[in-house]
Structure formats: C-alpha cells, structure tokens
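Residues 1 to 406, numbered by full-length UniProt numbering, are exactly what the sequence shown covers, in order. Here a beta-carbon is modelled for each residue, glycine too, at the ideal position from N, C-alpha and C. Predicted, not measured: the structure shown is a model, and the values here were computed from it.
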Amino acid sequence: MKIAVLGGDGFVGWPTCLHLSDAGHDVHILDNLSRRWIDTELGVQSLTPMDSIQERTRIWHNETGRRIHFNLIDIAKDYELLKGWLAKNRPDAIVHFAEQRAAPYSMKSDRHKNYTVNNNVNATHNVLNALVELDLDAHLVHLGTMGVYGYSTVGAAIPEGYLPVGIETMDGRTVSQEILYPGNPGSIYHMTKVLDQQLFAFYAKNDGLRITDLHQGIVWGTHTQQTRRHEQLINRFDYDGDYGTVLNRFLIQAAIGYPLTVHGVGGQTRAFIHIQDSVRCIEIALNNPPAKNSRVEIFNQMTETHRVRDLAEMISKMSGTEIAWLPNPRKEAPENDLVVKNDKFLGLGLKPTTLGEGLLAEIVDVAKKYAYRVDRTRVPAVSAWTKDIAAKIEHDPEGKRLKSVS
Ligand code: NAD
Ligand code: USQ
Numbered sequence: 001m002k003i004a005v006l007g008g009d010g011f012v013g014w015p016t017c018l019h020l021s022d023a024g025h026d027v028h029i030l031d032n033l034s035r036r037w038i039d040t041e042l043g044v045q046s047l048t049p050m051d052s053i054q055e056r057t058r059i060w061h062n063e064t065g066r067r068i069h070f071n072l073i074d075i076a077k078d079y080e081l082l083k084g085w086l087a088k089n090r091p092d093a094i095v096h097f098a099e100q101r102a103a104p105y106s107m108k109s110d111r112h113k114n115y116t117v118n119n120n121v122n123a124t125h126n127v128l129n130a131l132v133e134l135d136l137d138a139h140l141v142h143l144g145t146m147g148v149y150g151y152s153t154v155g156a157a158i159p160e161g162y163l164p165v166g167i168e169t170m171d172g173r174t175v176s177q178e179i180l181y182p183g184n185p186g187s188i189y190h191m192t193k194v195l196d197q198q199l200f201a202f203y204a205k206n207d208g209l210r211i212t213d214l215h216q217g218i219v220w221g222t223h224t225q226q227t228r229r230h231e232q233l234i235n236r237f238d239y240d241g242d243y244g245t246v247l248n249r250f251l252i253q254a255a256i257g258y259p260l261t262v263h264g265v266g267g268q269t270r271a272f273i274h275i276q277d278s279v280r281c282i283e284i285a286l287n288n289p290p291a292k293n294s295r296v297e298i299f300n301q302m303t304e305t306h307r308v309r310d311l312a313e314m315i316s317k318m319s320g321t322e323i324a325w326l327p328n329p330r331k332e333a334p335e336n337d338l339v340v341k342n343d344k345f346l347g348l349g350l351k352p353t354t355l356g357e358g359l360l361a362e363i364v365d366v367a368k369k370y371a372y373r374v375d376r377t378r379v380p381a382v383s384a385w386t387k388d389i390a391a392k393i394e395h396d397p398e399g400k401r402l403k404s405v406s
C-alpha cells in the first residue's frame with residue numbers, strides 16, 4: 001500500500017513508519033516538525049539523541065534499501081499544500097498522528113489551550129475535507145485516546161466505541177440503539193479527541209469515508225524491532241513534566257535516582273500498551289478497513305490496565321528508588337477502577353507484550369546510557385489544571401512540587 005503517515009516524525013509515528021516500510025509498504029511522512037519546536041519552547045530534549053528526520057530516513061535507506069519520503073507540511077494550517085500532496089500522490093491509506101498530544105501542555109495557559117484546539121481540530125477536519133473534495137477513497141486510521149471515555153467503568157467494561165442503550169418511546173415501548181460512548185474528557189487535549197470523534201461520525205455518514213479510530217492507552221517503552229537496527233534510528237523518549245508519560249517517566253526517574261513522582265495517592269488506573277504492540281495494532285487496522293458507507297470502526301488499542309501507585313511501588317522495589325507523593329496538578333479522580341474491552345485486536349491476532357521485568361529493565365538501561373542528557377529541573381510536572389489548583393500548589397507549605405525533589 002502507499003501510506004501517508006501524518007505526524008510520522010513523532011514518538012509513535014516514527015517506529016510505525018519503520019514497521020510499515022519493513023513490511024513492504026510505500027511510506028510517506030507529512031509532518032511540520034512542531035514537536036521538535038515545542039522541545040525548544042520548553043527547553044527540553046528527548047532523552048535519546050534524535051537525528052533530523054532527513055538523516056533518519058537516509059540511515060533507513062542505507063540499512064534496508066527502502067525509502068521513506070518526508071514532506072514538511074502543516075496539516076492544520078496548509079490546507080492547499082495538503083490537498084495538493086494528496087491529489088498528486090493518492091495514497092491507499094492515511095495514518096493520522098498529527099496532533100498536539102500532551103494533556104499537561106494543553107493545560108499550561110490560554111495560549112496552549114487555543115493552540116491545541118486549533119491544531120488538532122483543524123488537522124483532522126482538513127484531512128476529511130480534502131478526502132471528500134478529491135474523491136479519494138483512502139482508508140483513514142486515526143490515533144485517538146482511551147481518555148475520550150473518561151476512566152470510570154460504572155461497573156461495566158468500556159466497550160469498543162459504541163454503547164447499546166435502551167430508549168423508552170412515547171408509546172411505552174423500549175427501542176435499542178447503539179450510540180457513541182459518551183465523551184468525558186479530562187483535559188483540553190483529550191477534549192479535542194472527543195471532537196475528532198464527532199467529525200469522523202459526520203464524514204462517515206455524509207460522505208461514506210472509510211475511517212478507523214484507535215482509542216489508544218498510554219504508550220510505554222521506546223524500542224521496536226526496527227529502531228534497534230541502528231543507533232541513529234532510535235526513537236524519541238520524553239521524560240519532562242509535560243510530554244513524559246507516567247510509566248516511562250518512572251523508569252527514567254529510577255535510572256537517574258530521582259524520587260518517583262506520584263500525583264496524589266496514585267489511585268489513578270489507566271490503560272497501557274507497549275510501543276511494539278502499538279505499531280502492530282496500526283498495521284492490523286490498516287489491513288482490516290471498514291467498508292465504504294459503514295460507521296466509523298473503533299478499536300480500543302490497549303493491552304493492560306495498571307494503577308499508578310502499583311507501578312511506582314513495582315519500580316521502586318526493582319530499583320531501590322524512593323517514591324515522592326506529590327500534590328496532584330491535575331483535576332482527576334484520586335482513585336478509579338478501569339475495565340476495558342479489547343477483543344477486536346485480540347481477535348485479529350494481537351499477542352500482547354505485557355509489563356515484564358525484562359522489558360522494564362531494558363528501558364532503565366537505555367535511560368542510564370543517556371542519563372547525562374537529562375535536565376533534572378525539567379522533571380517536575382508544573383502545569384496545573386485550574387487556577388485554584390495552581391494557587392494551592394504554589395502555597396504548598398513544603399514547596400515540594402515546584403522544587404526538584406532530589
Ligand atoms: P508526538 O507529539 O511525539 O508526535 C506527533 C507528531 O505530529 C509530531 O512529529 C508533530 O511534529 C506532528 N504534528 C503535530 N501537529 C501537526 C500538524 N499540524 N501538521 C503536521 N504535523 C503535526 O506524539 P505521539 O506520542 O507520537 O502520539 C501520536 C498520536 O497518538 C497522537 O495523536 C496522540 O494523541 C496519540 N496517542 C499517543 C499516546 C502516547 O502515549 N504517546 C497514547 C494514546 C494516543
Ligand atoms: N502521573 C503521575 N505522575 C507523573 C505523571 C503522570 O502520577 O509523573 C499520573 C497522571 O496524574 C495521570 C496518569 O499518571 O493520572 C497518566 O498520566 P500520563 O501523563 O501518563 O497520561 P495522559 O496525560 O493521560 O496522556 C497520555 C498521552 C496522551 C494519550 C493518553 C492515553 O500523552 O497522548 O492520549 O496518555 S489515556 O491516558 O489512556 O487517555
């Protein structure tokens with residue numbers, strides 16, 4: 001297949017491009033490199049030394065003889081460029097990663113809220129709009145998030161996108177219908193993914209577009225089979241308070257001897273997936289497109305759930321690192337249960353990579369190798385969800401949160 005990967009320079013995008021290219025697909029990256037600019041804005045860098053995208057693709061070509069093409073396009077702002085590229089190249093499929101994906105970054109200030117909404121919603125709408133305008137029957141695979149559902153199971157497992165409901169009619173009958181699971185986002189970033197869902201539902205219904213939405217959990221790990229092939233194919237690895245995600249952060253913290261930063265009592269339960277499984281799921285989704293004029297196909301892309309404090313305790317035991325129980329900068333339930341259905345990927349052959357000590361230790365080793373690149377002052381998460389929380393945290397008598405806890 002000829003596949004356009006929007007956001008193919010990012011943490012999940014880059015290993016996906018390598019995986020798809022290795023499988024024989026013709027891969028074209030469209031990316032505006034905004035994630036690299038955000039590192040500059042925040043004064044941080046990936047734990048792992050990343051080369052430029054041009055250098056990465058050159059190394060891949062040297063290693064494999066296969067080409068991955070790169071196009072510098074802002075999907076949200078350069079609609080005509082995007083449309084022109086799609087018209088000329090007419091891909092069979094599009095994988096859409098090109099959004100601002102950090103919840104803390106999206107909550108930093110009014111400017112960051114505006115940026116996240118404008119970037120994410122426009123990027124998604126521009127792609128859909130161009131597909132219709134060009135009469136292009138490409139299968140669109142979008143990376144959504146588990147966070148569209150919120151994280152509460154109300155005593156029943158979260159289904160894959162659609163919820164059967166019974167509605168009492170005016171003449172006393174009960175009719176059943178399947179509706180999109182009610183959106184319950186916990187940040188501006190997560191809210192943009194709920195808005196994406198509505199855009200997809202409309203374009204599938206009105207224009208018959210073939211769309212798959214992958215509601216992905218927190219991705220952990222860094223290497224895949226292909227990124228291991230050459231030092232310069234290495235994946236990015238975020239550790240800072242905005243972009244670092246919880247499990248990867250704890251592993252880096254363990255590697256540099258920084259107390260594990262648990263928010264609150266760590267009762268938050270979240271869904272997880274290893275990066276290797278993430279790229280496999282995307283390939284499975286590409287190989288199983290929905291029919292034209294059918295509803296949006298939704299998969300829950302996760303393999304296991306864990307409670308934050310259990311992860312911290314496990315890593316603390318494994319590494320001897322202490323745990324810091326910090327005031328929570330987010331507005332979220334302090335404790336929740338989470339049960340999620342993921343039968344569709346399992347049915348299509350996914351063999352989950354679960355959290356084993358071997359893989360965890362491998363990540364700690366990667367982190368130790370590059371520990372000299374870590375700026376410890378960038379580890380604390382300082383983006384507060386509300387002004388009230390920001391005020392409380394600033395008045396935290398022990399000043400734990402704003403200072404480095406080391
Ligand atoms: P990332 O920030 O590392 O990568 C996103 C890429 O998209 C970057 O290379 C960025 O430059 C590009 N991009 C952003 N806006 C763009 C625009 N307007 N035009 C062109 N390119 C643009 O993020 P990631 O961790 O690789 O996540 C990829 C996708 O998967 C995101 O949509 C995210 O919401 C979703 N997701 C990620 C995780 C996770 O744990 N990382 C979990 C669930 C879902
Ligand atoms: N947390 C800590 N300590 C930390 C960092 C986070 O206790 O040092 C807690 C947070 O308060 C939260 C949980 O861990 O309760 C998860 O936080 P996270 O930063 O790992 O994940 P999140 O903000 O939800 O976002 C990440 C990705 C996002 C993706 C989402 C999937 O950045 O792109 O959509 O995971 S999900 O969480 O399933 O919605």
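Opposing strand residues paired with residue i [DSSP bridges]
i, result
"Phe345", "Beta-bridge pairing links Phe345 to no other residue."
"Asn300", "His215"
"Ser176", "Gly166"
"Val95", "Val5, Val141"
"Glu335", "Gly267"
"Trp220", "His274"
"Phe70", "Ile29"
"Ile38", "None, per the DSSP bridge assignment."
"Val340", "Ile158"
Local Cβ density within 10 Å of residue i, reported as buried at 16 or more and exposed below that
i, result
"Gly24", "exposed"
"Ser152", "exposed"
"Tyr149", "buried"
"Met170", "exposed"
"Thr16", "buried"
"Pro380", "buried"
"Gly10", "buried"
"Gly266", "buried"
"Gly322", "Per the sequence presented here, residue 322 reads as Glu, with Gly not at that position. Label assigned to Glu322: exposed."
"Asp31", "buried"
"Ile211", "buried"
"Val141", "buried"
"Asn206", "exposed"
"Lys403", "Only weak support is given to the placement of Lys403: the predicted model assigns it a pLDDT of 48, under 50, and the value that follows is read from those uncertain coordinates. Answer is exposed; the Cβ neighbour count stays below 16."
Nearest to residue i (by Cα), restricted to the options the options
i, options, result
"Phe250", "Arg309, Asp213, Val194", "Arg309"
"Leu247", "Lys77, Asn118, Val364", "Val364"
"Asn126", "Glu99, Gly144, Ala271, Ser383", "Glu99"
"Asp242", "Val5, Glu41, Asn32, Pro352", "Glu41"
"Ile53", "Asn129, Gly7, Tyr151, Pro329", "Gly7"
"Asn288", "Ala361, Pro15, Val366, His139", "His139"
"Val95", "Tyr203, Lys2, Gly349, Lys205", "Lys2"
"Thr48", "Ser176, Pro334, Leu233", "Leu233"
"Tyr79", "Leu360, Val219, Ser46, Asn129", "Asn129"
"Ala333", "Val132, Asn184, Pro164", "Asn184"
"Leu180", "Phe202, Leu33, Ser187, Arg376", "Phe202"
"Lys344", "Ile389, Ser294, Ala285, Val382", "Ala285"
"Ser294", "Ala324, Leu209, Pro164", "Leu209"
"Ser319", "Lys368, Thr354, Lys351", "Lys368"
"Lys193", "Asn119, Gln225, Leu350", "Asn119"
"Val44", "Gly221, Val374, Arg66", "Val374"
"Tyr372", "Ile252, Pro327, Gly349, Ile167", "Ile252"
"Lys83", "Ser109, Leu134, Ile167, Ser46", "Leu134"
"Glu313", "Ala254, Pro352, Leu136, Ala87", "Ala254"
"Ala390", "Ile188, Lys331, Leu20, Asp26", "Lys331"
CB contact below 8 Å: residue i versus chain D
i, result
"Lys392", "Given the protein chain composition of this structure (a single chain), no chain D is represented."
heavy atom of the ligand FMN below 7 Å from residue i C-beta
i, result
"Ile218", "With respect to the ligand FMN, the structure shown offers nothing to examine, as its ligands consist of the ligand NAD and the ligand USQ."
query: Three or more beta-carbon pairs under 8 Å between the region 224-243 and the region 285-303, yes or no?
result: Judged by Cβ distances under 8 Å, the region 224-243 makes no contact with the region 285-303, as fewer than three pairs qualify.
- request: Answer yes if the region 56-72 comes into contact with the region 251-267, meaning at least three C-beta pairs across the two stretches below 8 Å, and no otherwise.
  value: The region 251-267 vs the region 56-72: no contact.
- request: Pair every Cβ in the region 191-206 with every Cβ in the region 272-282, then say whether three or more of these pairs are closer than 8 Å.
  value: The region 191-206, when compared against the region 272-282, does not touch it at the 8 Å Cβ threshold.
message: Quick check: the region 103-123 against the region 73-88, are at least 3 beta-carbon pairs closer than 8 Å?
response: The region 73-88 and the region 103-123 touch, with no fewer than 3 CB-CB distances between them shorter than 8 Å.
query: How about the region 339-354 and the region 149-157: do they share at least three Cβ pairs that are nearer than 8 Å?
result: With the cut-off at 8 Å, the region 339-354 and the region 149-157 touch.
message: So, does the region 144-151 touch the region 199-217, judging by three or more C-beta pairs under 8 Å?
response: With contact defined as three or more Cβ pairs closer than 8 Å, the region 144-151 and the region 199-217 are in contact.
message: For the region 386-394 against the region 265-272, do three or more pairs of beta-carbon atoms, one drawn from each stretch, fall closer than 8 Å, so that the two count as touching?
response: The region 386-394, when compared against the region 265-272, does not touch it at the 8 Å Cβ threshold.
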